[in-house]
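Counting in our numbering, the sequence shown runs from 1 upward without gaps.
Quick reminder that beta carbons are idealized off the backbone N, C-alpha and C, glycines included.
Since the structure comes first, as structure tokens, the remarks are kept for the end.
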Amino acid sequence: MEVPKEMRLRLRFYKDIPKSIAVVRQKFEDFKAICPEDYSIKVNENHIWLHIVGENKQYYSPHLHIELEQNKENETHLRCLFGPDPTLWTLFMFLHFIVGGIFLIFGMIAYSNFTMNQPILMDGIIMSILVIVWFLLYFVAKQIRERGNDQMHDLEVLMEQIVH
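Here it is, written out as structure tokens:
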């Protein structure tokens, strides 16, 4: 089966495998022994993580989380989700909270100044700059996701190789 190479709008996909959960989990366990050096596989009950490690790992390298669910008696439903590096995700969330908090503070100051008939120009400028920073964070995150697209494809191909 050919895996599509285009960039995904949603970072999740689903797949039904005509095998039981135990068989699918065992396939991943068996593959850990022969796994190439560029990849790492972690299996914990019905959750599996595929990571890129070594020389190919970059700050934008994604990981693939696979959740195994029983669909029918001998069929497994795979819920697959690509995610960013946890450190990078934490940094982006921290930046969003900082920008959002500063925006709220200056929004309250601007409201107070407005109700007291004080000038609010500087507060409005700072809030406008913060909105621009939010958009910059969005575009940087989108570019990081585009850079990791080939590695997303590689992880999906690896998953297909393991389950078939």
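Quick check on DSSP: helix, strand or coil for residue i?
i: I126; result: helix
i: L11; result: coil
i: I144; result: helix
i: Y212; result: The structure shown does not extend to residue 212, since the chain is modelled only from 1 through 164, so no value can be given for it.
i: I132; result: helix
i: D16; result: strand
Taking only heavy atoms of the ligand FMN into account, decide whether any of them is closer than 7 angstroms to the Cβ of residue i.
i: T76; result: Because no ligand of any kind appears in the structure shown, any question about the ligand FMN cannot be addressed here.
Who are the near neighbours of residue i in its chain, counting only those whose CB is closer than 8 angstroms to its CB and skipping five residues on each side?
i: G124; result: A110
i: V127; result: In the sequence as presented, Val is not what sits at residue 127; that position holds Met. Cβ neighbours of M127 beyond the five flanking positions: F103, F106, G107 and A110.
i: V24; result: I17, L68, T76, L78 and V163
i: L95; result: L137
i: R12; result: R79, C80, L81 and F82
With residue i as the anchor, note down where its beta strand (DSSP E) starts and where it stops.
i: Q70; result: H63 to K72
i: N149; result: Where N149 is concerned, there is no enclosing beta strand (DSSP E), although the alpha helix (DSSP H) it sits in stretches over N149 to V163.
i: G54; result: Unbroken run through G54: none, as it is neither H nor E.
i: E75; result: E75 to G83
i: N46; result: Careful: N46 lies outside any beta strand (DSSP E) and carries neither H nor E.
In the DSSP assignment, find the alpha helix (DSSP H) that holds residue i and state where it starts and stops.
i: L88; result: P86 to T115
i: K27; result: I21 to I34
Residues in the same chain with beta-carbon distance under 6 angstroms from residue i, minus the five sequence neighbours each way, listed in chain order, please.
i: Y152; result: A small correction: the amino acid at residue 152 is Met; Tyr does not occupy that position in the sequence shown. Closer than 6 angstroms at the Cβ level, and outside the excluded window around M152, lie P62 and F82.
i: K42; result: W49
i: N56; result: D38
i: V131; result: none
Do residue i and residue j have their C-beta atoms within less than 8 angstroms of each other?
i: C80; j: Y39; result: no
i: L64; j: L50; result: yes
i: I129; j: Y60; result: no
i: T87; j: S20; result: no
i: V133; j: V99; result: yes
i: I66; j: I48; result: yes
i: E37; j: G54; result: yes
Can you tell me whether residue i is buried or exposed, with buried defined as 16 or more other CB within 10 angstroms of its CB?
i: L155; result: buried
i: P119; result: exposed
i: M122; result: exposed
i: F31; result: buried
For residue i, collect the residues of the same chain with a Cβ closer than 7 angstroms to its Cβ; drop the 5 residues on either side in sequence, then sort them by chain order.
i: L158; result: Y39 and L50
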